[in-house]
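Protein sequences, first through last, are from chains A and B.
Counting from 1 along the first sequence, just add 1 to a position and that's the residue number in this note's numbering.
Counting from 1 along the second sequence, just add 1 to a position and that's the residue number in this note's numbering.
Even glycine gets a Cβ: it sits at the ideal position worked out from N, Cα and C.
Notes for the one structure printed next.
Protein chains: 2
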Amino acid sequence: MEKEITIYDIAKILRLSPATVSRALNDHPAIKKQTKILINEKAAELGYRSNTFASNLRTRKTNTLGVIVPRLNSNFMSAVLAGMEEIANNVGYNLLISQSLESAGKEQANAKTMFNSRVDGLLVSIAYDTDSFDHFETLINRNIPVIFFDRVIDHPQCTTVIIDNNQAGYEATRHLLEEGCRKIMHVTGDVKRNVYSGRLDGYKRALAEWKLPIDESLILRTDLSQEAGIAAAERLHSMAEKPDGIFIANDLCAVTCMKALKEKGYNIPGDVAIVGFNNDPVSQVVEPHLTTVFYPGYLMGKTAMKAMINQLNGNKTADVKEPIILRSELIIRGSTVKSSNS
Amino acid sequence: MEKEITIYDIAKILRLSPATVSRALNDHPAIKKQTKILINEKAAELGYRSNTFASNLRTRKTNTLGVIVPRLNSNFMSAVLAGMEEIANNVGYNLLISQSLESAGKEQANAKTMFNSRVDGLLVSIAYDTDSFDHFETLINRNIPVIFFDRVIDHPQCTTVIIDNNQAGYEATRHLLEEGCRKIMHVTGDVKRNVYSGRLDGYKRALAEWKLPIDESLILRTDLSQEAGIAAAERLHSMAEKPDGIFIANDLCAVTCMKALKEKGYNIPGDVAIVGFNNDPVSQVVEPHLTTVFYPGYLMGKTAMKAMINQLNGNKTADVKEPIILRSELIIRGSTVKSSNS
DNA sequence: ATGAAAGCGCTAACAT
DNA sequence: ATGTTAGCGCTTTCAT
Numbered sequence: 002m003e004k005e006i007t008i009y010d011i012a013k014i015l016r017l018s019p020a021t022v023s024r025a026l027n028d029h030p031a032i033k034k035q036t037k038i039l040i041n042e043k044a045a046e047l048g049y050r051s052n053t054f055a056s057n058l059r060t061r062k063t064n065t066l067g068v069i070v071p072r073l074n075s076n077f078m079s080a081v082l083a084g085m086e087e088i089a090n091n092v093g094y095n096l097l098i099s100q101s102l103e104s105a106g107k108e109q110a111n112a113k114t115m116f117n118s119r120v121d122g123l124l125v126s127i128a129y130d131t132d133s134f135d136h137f138e139t140l141i142n143r144n145i146p147v148i149f150f151d152r153v154i155d156h157p158q159c160t161t162v163i164i165d166n167n168q169a170g171y172e173a174t175r176h177l178l179e180e181g182c183r184k185i186m187h188v189t190g191d192v193k194r195n196v197y198s199g200r201l202d203g204y205k206r207a208l209a210e211w212k213l214p215i216d217e218s219l220i221l222r223t224d225l226s227q228e229a230g231i232a233a234a235e236r237l238h239s240m241a242e243k244p245d246g247i248f249i250a251n252d253l254c255a256v257t258c259m260k261a262l263k264e265k266g267y268n269i270p271g272d273v274a275i276v277g278f279n280n281d282p283v284s285q286v287v288e289p290h291l292t293t294v295f296y297p298g299y300l301m302g303k304t305a306m307k308a309m310i311n312q313l314n315g316n317k318t319a320d321v322k323e324p325i326i327l328r329s330e331l332i333i334r335g336s337t338v339k340s341s342n343s
Numbered sequence: 002m003e004k005e006i007t008i009y010d011i012a013k014i015l016r017l018s019p020a021t022v023s024r025a026l027n028d029h030p031a032i033k034k035q036t037k038i039l040i041n042e043k044a045a046e047l048g049y050r051s052n053t054f055a056s057n058l059r060t061r062k063t064n065t066l067g068v069i070v071p072r073l074n075s076n077f078m079s080a081v082l083a084g085m086e087e088i089a090n091n092v093g094y095n096l097l098i099s100q101s102l103e104s105a106g107k108e109q110a111n112a113k114t115m116f117n118s119r120v121d122g123l124l125v126s127i128a129y130d131t132d133s134f135d136h137f138e139t140l141i142n143r144n145i146p147v148i149f150f151d152r153v154i155d156h157p158q159c160t161t162v163i164i165d166n167n168q169a170g171y172e173a174t175r176h177l178l179e180e181g182c183r184k185i186m187h188v189t190g191d192v193k194r195n196v197y198s199g200r201l202d203g204y205k206r207a208l209a210e211w212k213l214p215i216d217e218s219l220i221l222r223t224d225l226s227q228e229a230g231i232a233a234a235e236r237l238h239s240m241a242e243k244p245d246g247i248f249i250a251n252d253l254c255a256v257t258c259m260k261a262l263k264e265k266g267y268n269i270p271g272d273v274a275i276v277g278f279n280n281d282p283v284s285q286v287v288e289p290h291l292t293t294v295f296y297p298g299y300l301m302g303k304t305a306m307k308a309m310i311n312q313l314n315g316n317k318t319a320d321v322k323e324p325i326i327l328r329s330e331l332i333i334r335g336s337t338v339k340s341s342n343s
């Protein structure tokens, strides 16, 4: 194990002070260009590497940002993370990433770890069953910026990055109505989470606009798993008056539901039209292709990270943060349009 | 901004020494149980949090592990990361995650950052075009464990976690042969990477076993993108004597290729049978369902991380590390079997 | 069982 | 433009 080189070693060799070496290495303007070159060369030669702890200890900055997501292994989330990483990496921030596995308890533990790791900022998408938000208050109280994305909470001091779930749900439902559906089932997640409550509200808004009744028995609150998709198909199958359209708040669930319905002999979209959500790769592969809502994960990651960097750089915007709303888009495919064969 | 509580604050209040407080907080055996309780309660009351930098600075450990992957937004990789995170989190390690975006340059930069962040260990899956491995030597020379997974290099001091790509490629090809294919195209990636060279070798081995010639014009070296899938379909379509089977080293590419072939009027598997690789969700959704190789991402992540933890805990195994080989499995579906309709 | 004190490597206020 | 110096908060050796 080689010994670590410190600025003292470099200082001694070059007969300079450690302070000068430190300044040179940090490109401080007060240091002569010549000296800088000298020091940097020697540092390279000796294989010097800055000790970030010592530096962090002094500066009270870590150059590290925390990210807590419900699950790493989702198509949407990995796109978000890819976007975040790209921005963060470009400006020299590291990412500490952890997953709550949809558990409020684990989310709390993760937030605590992030806090103890002294992240300079935290980006969070809330777990399924989180009710209390004290674990974020801890950070917020110490002026550590917390930004929520996708699954967010309303907090006056926190920026949020979202899509307009209400509008997306509205457009998805309106599309089904325009295609002639009159009895539309909605399969959603836990409406504690904005993403699902928003889509549900949009669904109701569209129905109301068409002067159709809201039938609570057509609204299935599930965990949006593939099993839930099968259950939804069975539920539909068991009904006397069958729905002619389904809006499902997640593509993988929707695709599984569609497969189950096809197996039971239903014609898609003839008997039942289906709209999903996310524009996952599966939506373009299932037959017929799934009409769905494009969900800009990569952009959301980049946007949230840019907002974070801005905040860290002290570009203080208004005290109360306005949510950043990204554009989502209904992508119409064969699962809802009879004439189409795309 | 509240002031940070330190062990000195606690020490002063309780009229103890900082050393005692430090020991108590770390559950040192020499401290009376009573004192420990007292100190822990006061710490909790004051909202004390350990300053990891100061601690790291002293102990020269970071409790942080680095992970460098080619891309975050792949189905396989997010499964790997989920597995890694779960294990690491359980034993109190944090994960610093970055992506090389398949660029050797970025991979080097990331490795340097990891090195400077003083990660206790590094887990890597190599970028597409990496040729030189000096950036890992830096860490290895300082006894920082480096573990490669999936896309690996051969290094006497590094554990690797892989699947038997040769065998997987062999089985995929043999299956096509058993289904009656006699002219099998292979679409692969950069054979600099073990995963692709292994599958290619397995493909050749199967052909050799069947006493069939290796036709280099049937081997397409691509970037395995969706575009490559379309290109492969066009290539096949342009050939005078058309292949009756294709083995593609990636599901998304395979699915796109299948779609393109279907559009050109080919019957799958009647005219052309197709085998993919990864068991991505899309493989179970495309029609006909794609025969593919199950690739244990989640398990690979967990396994690699466990190996890392073991190594960090000093469970020294042999000096020369044996690769850890996980079981992959050919999953036979409709894209290769005419009788099946699964 | 507890305390005193040194020092990990760096940065920054202050001095020159 | 460069140097001196005093910590940042923690751990740990040595002493009591």
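If residue i and residue j are in contact, beta carbons under 8 Å, what's the gap, nearest whole angstrom?
| i | j | result |
| --- | --- | --- |
| residue 6 of chain A | residue 25 of chain A | In fact, because the Cβ distance is near 15 Å, the residues do not count as touching under 8 Å. |
| residue 97 of chain A | residue 118 of chain A | 6 Å |
| residue 68 of chain A | residue 287 of chain B | Rounded, the Cβ-Cβ distance is 32 Å, inconsistent with contact. |
| residue 250 of chain A | residue 189 of chain A | 5 Å |
| residue 166 of chain B | residue 222 of chain B | Their Cβ separation, rounded to whole angstroms, is 15 Å, which puts residue 166 of chain B and residue 222 of chain B out of contact at 8 Å. |
| residue 11 of chain B | residue 43 of chain B | 5 Å |
| residue 213 of chain B | residue 183 of chain B | 7 Å |
| residue 229 of chain A | residue 254 of chain A | 6 Å |
| residue 248 of chain B | residue 283 of chain B | No, residue 248 of chain B and residue 283 of chain B are not in contact; Cβ-Cβ is about 17 Å, not under 8 Å. |
| residue 333 of chain A | residue 308 of chain A | So it is not a contact: roughly 31 Å between Cβ atoms. |
Cβ of residue i within 9 Å of Cβ of residue j?
| i | j | result |
| --- | --- | --- |
| residue 95 of chain B | residue 123 of chain B | no |
| residue 300 of chain A | residue 331 of chain A | no |
| residue 274 of chain B | residue 336 of chain B | yes |
| residue 58 of chain A | residue 116 of chain B | no |
| residue 77 of chain A | residue 279 of chain A | yes |
| residue 1 of chain A | residue 266 of chain A | Nothing can be reported for residue 1 of chain A, as the shown portion of chain A is limited to 2 through 343. |
| residue 193 of chain B | residue 131 of chain B | yes |
| residue 160 of chain A | residue 322 of chain A | yes |
| residue 32 of chain B | residue 21 of chain B | yes |
| residue 83 of chain A | residue 101 of chain A | no |
| residue 154 of chain A | residue 134 of chain A | yes |
| residue 156 of chain B | residue 145 of chain B | no |
Starting from the beta carbon of residue i, find every residue of chain A whose beta carbon is closer than 7 Å, and list them in chain order.
| i | result |
| --- | --- |
| residue 50 of chain B | 116, 117 |
| residue 286 of chain B | 256, 283, 286, 287 |
| residue 53 of chain B | 117, 118, 119 |
| residue 253 of chain B | 282 |
So which of the options has the shortest CA-CA distance to residue i?
| i | options | result |
| --- | --- | --- |
| residue 150 of chain A | A/265, A/338, A/286, A/296 | A/296 |
| residue 208 of chain B | B/256, B/170, B/283, B/109 | B/170 |
| residue 81 of chain B | B/271, B/103, B/163 | B/163 |
| residue 338 of chain A | A/268, A/125, A/310 | A/268 |
| residue 243 of chain A | A/172, A/304, A/250, A/262 | A/262 |
| residue 217 of chain A | A/186, A/246, A/224, A/286 | A/186 |
| residue 252 of chain B | B/290, B/235, B/239 | B/290 |
| residue 103 of chain A | A/152, A/249, A/180 | A/152 |
| residue 311 of chain A | A/225, A/92, A/288, A/255 | A/92 |
| residue 121 of chain A | A/203, A/197, A/306 | A/306 |
| residue 52 of chain A | B/258, B/62, B/175, B/315 | B/62 |
| residue 227 of chain A | A/256, A/214, A/206, A/240 | A/256 |
| residue 232 of chain A | A/204, A/258, A/105, A/106 | A/258 |
| residue 211 of chain B | B/45, B/239, B/195, B/174 | B/174 |
| residue 270 of chain A | A/239, A/176, A/87, A/313 | A/176 |
If the cut is a Cβ gap below 9 Å, which residues of chain A does residue i touch?
| i | result |
| --- | --- |
| residue 21 of chain B | Going along chain A, no residue has its Cβ under 9 Å from residue 21 of chain B, so there is no contact; the nearest lies around 21 Å. |
| residue 72 of chain B | 79, 83 |
Whose Cβ in chain B lies nearer than 8 Å to the Cβ of residue i?
| i | result |
| --- | --- |
| residue 99 of chain A | 86, 90, 95, 96 |
List, in order along the chain, the chain B residues whose C-beta lies closer than 7 Å to that of residue i?
| i | result |
| --- | --- |
| residue 41 of chain A | Residues of chain B passing the Cβ test: none, with the nearest at roughly 15 Å. |
Quick one: which chain A residues come within Cβ less than 8 Å of residue i?
| i | result |
| --- | --- |
| residue 58 of chain B | 52, 54, 55, 58 |
| residue 75 of chain B | 79 |
Notebook entry, point to check: Which whole runs of the beta strand (DSSP E) in the stretch 64-100 of chain B are 3 residues long or more, in chain order?
Noted result: 65-70, 95-100
Notebook entry, point to check: Unbroken alpha helix (DSSP H) runs of length 4 or more, entirely within the stretch 116-168 of chain B: which are they?
Noted result: 135-142
Note to self: Just to confirm the assignment: which complete beta strand (DSSP E) runs, minimum length 3, are found wholly within the stretch 289-323 of chain A?
What the structure shows: 293-295
Next item on the list: Scan the stretch 234-282 of chain A and note each continuous beta strand (DSSP E) run of 3 residues or more that stays entirely inside, going in chain order.
Entry: For the stretch 234-282 of chain A, whole beta strand (DSSP E) runs of length 3 or above, ordered along the chain, are 246-249, 274-276.
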